[in-house]
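Asker: First to last, the protein sequences are chains A and B.
Using the working numbering, the letters of the first sequence map in sequence onto residues 1 to 219.
Using the working numbering, the letters of the second sequence map in sequence onto residues 1001 to 1219.
We put the beta carbon where it would ideally sit given N, CA and C, even for glycine.
Remember, predicted model here, so these are calculated numbers, not experimental data.
Protein chains: 2
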Amino acid sequence: MAEARTSTPRERYRTQVRAEIKEHAWEQIATAGASALSLNAISKRMGMSGPALYRYFDGRDELITELIRDAYRSQADTFRAAAEAGADLAGLAHALRTWALEDPQRYFLIFGTPVPGYRAPDDITEIAAEIMTVIVDACAALPSEPTPDGAAEAFDTHLETHRQWARDHPASPAALRRALSFWTRMHGVLSLELAGQFTGMGFDPALLYAAELEGLLGP
Amino acid sequence: MAEARTSTPRERYRTQVRAEIKEHAWEQIATAGASALSLNAISKRMGMSGPALYRYFDGRDELITELIRDAYRSQADTFRAAAEAGADLAGLAHALRTWALEDPQRYFLIFGTPVPGYRAPDDITEIAAEIMTVIVDACAALPSEPTPDGAAEAFDTHLETHRQWARDHPASPAALRRALSFWTRMHGVLSLELAGQFTGMGFDPALLYAAELEGLLGP
DNA sequence: CACTTCAGTTAGAAGTTATCACGAACATTA
DNA sequence: TAATGTTCGTGATAACTTCTAACTGAAGTG
Chain A
1 MAEARTSTPR
11 ERYRTQVRAE
21 IKEHAWEQIA
31 TAGASALSLN
41 AISKRMGMSG
51 PALYRYFDGR
61 DELITELIRD
71 AYRSQADTFR
81 AAAEAGADLA
91 GLAHALRTWA
101 LEDPQRYFLI
111 FGTPVPGYRA
121 PDDITEIAAE
131 IMTVIVDACA
141 ALPSEPTPDG
151 AAEAFDTHLE
161 THRQWARDHP
171 ASPAALRRAL
181 SFWTRMHGVL
191 SLELAGQFTG
201 MGFDPALLYA
211 AELEGLLGP
Chain B
1001 MAEARTSTPR
1011 ERYRTQVRAE
1021 IKEHAWEQIA
1031 TAGASALSLN
1041 AISKRMGMSG
1051 PALYRYFDGR
1061 DELITELIRD
1071 AYRSQADTFR
1081 AAAEAGADLA
1091 GLAHALRTWA
1101 LEDPQRYFLI
1111 FGTPVPGYRA
1121 PDDITEIAAE
1131 IMTVIVDACA
1141 ALPSEPTPDG
1151 AAEAFDTHLE
1161 THRQWARDHP
1171 ASPAALRRAL
1181 SFWTRMHGVL
1191 SLELAGQFTG
1201 MGFDPALLYA
1211 AELEGLLGP
């Protein structure tokens, strides 16, 4: 049994081809969207014919799932890198926007239209939880906390006993609520901007993003 | 030249078949997503074979565009109906959420992953502008206005001269900014909820939605 | 050297969108 | 009424797609 002490040439070849396939897939997704991803086109552009690709991926679904996984990992890495570089919540927001604009279709691979039947593998939701943890940490480290009014207070008491999504993070409910607001508000602006819903409207999305961010940091 | 005085039986039949096709399409989209929409399957389920459908729609793209148009119209109708029934901004938020939960895939047909090349026809963007107008009206009718801090103030001055998206609505910049915040924040929560990003996290999305709404009405 | 493993091939099934040419039903006009 | 169009639905066909099966050849292993 090959102990995989380093890696056999065959394994290296295999992972290299897999990576090349994914690269072509990303290229295709960026230009035509995930729904137009064609295994056939990838194979032909790599100089091999049709079914050869099935040696490396079980099929279209597995390839896309792998791309989704990479997208999540990429986002988690940017967040973690920003946090380790000492970024606060505003820094995270900036890193997120930069990352999203870098490849809109990658963003939509995570946050775009869901396929009704699809259920993400557990290791992917694990990465998602890791991302949330970074955000919650940043919210807990902020000097002030958002003051709860009516509905916010109700939500805070709800969060008191519903925080397993944050891995039972010891932060205050207000901090948890701010983390969720951060997520939803930044996503709200970003997704609409990346989807092109603002094009032709005339205002600068970056300013809206900044305003939403500051409104989140303030009270 | 048939003056189309009322409508010929053939025209009635035609529009009826078109409607039936769209109904089957909606059904299919709701269960499997728009990317899995199959003209073939629709034809067969209607008892006619393959290419017959091309008498009624130029092709897949035209059918989907028509569905998008209907989705926009449906949303515009709900907003308008709510506004005419005297709903304030909170009422609009409630109507929006109900409408979205009614058919998530219809929501994503409007706000979901964009197809890189696709450009919506002008009459559709017209409906979108109509929707924005209702929201801006509701924001202008609110008693208080959001107080601008730093970035919000910068955005307000920007909106002073960039308001053609609101058909040059005479509302104050603060009201316009609130309208945009309303749109992005409600969409932020809704889209993530409908995409299933909250499932397994344990908290109630409705409470988050309510909290975000109230945070929008307050200051 | 023999044997196994694996990459890549062609062939083919089943599905899709979309076009074409034809017959049949319908509507309109002479 | 009869002739003439117009439109609907059909089967055949092309060009795609994913994906399976069987086969060839090369690379690594005992």
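May I ask which residues mark the beginning and end of the alpha helix (DSSP H) holding Met1186/B?
Answerer: Counting along the chain, Met1186/B sits inside the alpha helix (DSSP H) bounded by residues Pro1173 to Leu1194.
Asker: Glu212/A CB to nearest chain B CB: under 8 Å?
Answerer: Output row for Glu212/A: interface = yes.
Asker: For Gly50/A, count neighbouring Cβ atoms within 10 angstroms of its own Cβ and tell me buried if that reaches 16, exposed if not.
Answerer: exposed
Asker: What would DSSP say about Pro114/A, mapped onto helix, strand or coil?
Answerer: Coil.
Asker: By the 7 Å beta-carbon criterion, what residues does the stretch 59 to 84 of chain A contribute toward chain B?
Answerer: none
Asker: Compare the C-beta of Arg177/A against all C-beta atoms of chain B and say whether one is closer than 8 Å.
Answerer: Cβ-Cβ to chain B under 8 Å: yes for Arg177/A.
Asker: Could one say the Cβ of Pro1173/B lies closer than 8 Å to chain A's Cβ atoms, at least one of them?
Answerer: no
Asker: Cβ closer than 9 Å: which chain B residues qualify as neighbours of Pro143/A?
Answerer: The premise fails here: Pro143/A is roughly 16 Å from chain B at the closest Cβ pair, so nothing lies under 9 Å.
Asker: Please give the ranges of any beta strand (DSSP E) in the stretch 1076 to 1115 of chain B, keeping only runs that are unbroken, at least 3 residues long and fully inside the region.
Answerer: none
Asker: Here's the rule I'm using: 16 or more other beta-carbon atoms within 10 Å means buried, otherwise exposed. How should Gln1075/B be labelled?
Answerer: buried
Asker: What residues in the stretch 1086 to 1101 of chain B bring their beta carbon closer than 9 Å to a beta carbon of chain A?
Answerer: none
Asker: Along the alpha helix (DSSP H) that carries Leu1216/B, what are the first and last residues, could you check?
Answerer: Pro1205 to Leu1217
Asker: Using a Cβ-Cβ distance cut-off of 8 Å, determine whether Trp26/A contacts chain B.
Answerer: Look at Trp26/A: its C-beta is not under 8 Å from any C-beta on chain B.
Asker: With a threshold of 8 Å on Cβ separation, who are the neighbours of Asp70/A within its own chain once the five nearest residues in sequence on each side are excluded?
Answerer: Lys22
Asker: Have a look at Asp1088/B and Met1048/B and give me their C-alpha separation to the nearest angstrom.
Answerer: 48 Å
Asker: Taking the alpha-carbon of Gly117/A as reference, which of Arg1010/B, Ala1019/B and Ala1030/B has the nearest alpha-carbon?
Answerer: Ala1030/B
Asker: Identify which residue in Asn40/A, His187/A and Leu208/A has its Cα closest to the Cα of Ile110/A.
Answerer: The shortest Cα separation from Ile110/A among Asn40/A, His187/A and Leu208/A belongs to His187/A.
Asker: If you drop the 5 nearest sequence neighbours on each side, which residues of the same chain put their C-beta closer than 8 Å to that of Ser1038/B?
Answerer: Gln1028
Asker: Using a Cβ-Cβ cut-off of less than 9 Å, list which residues of the stretch 43 to 58 of chain A approach chain B; keep chain order.
Answerer: none
Asker: Let me check understanding here. Comparing Cα to Cα, which of Trp1026/B, Tyr1056/B and Asn1040/B lies closest to Thr1015/B?
Answerer: Tyr1056/B
Asker: Work out the CA separation of Thr1065/B and His24/A for me, nearest whole Å.
Answerer: 29 Å
Asker: Against Leu37/A, what residues of chain B qualify as contacts under a CB-to-CB distance less than 9 Å, listed in chain order?
Answerer: None at all; the shortest Cβ gap to chain B is about 10 Å.
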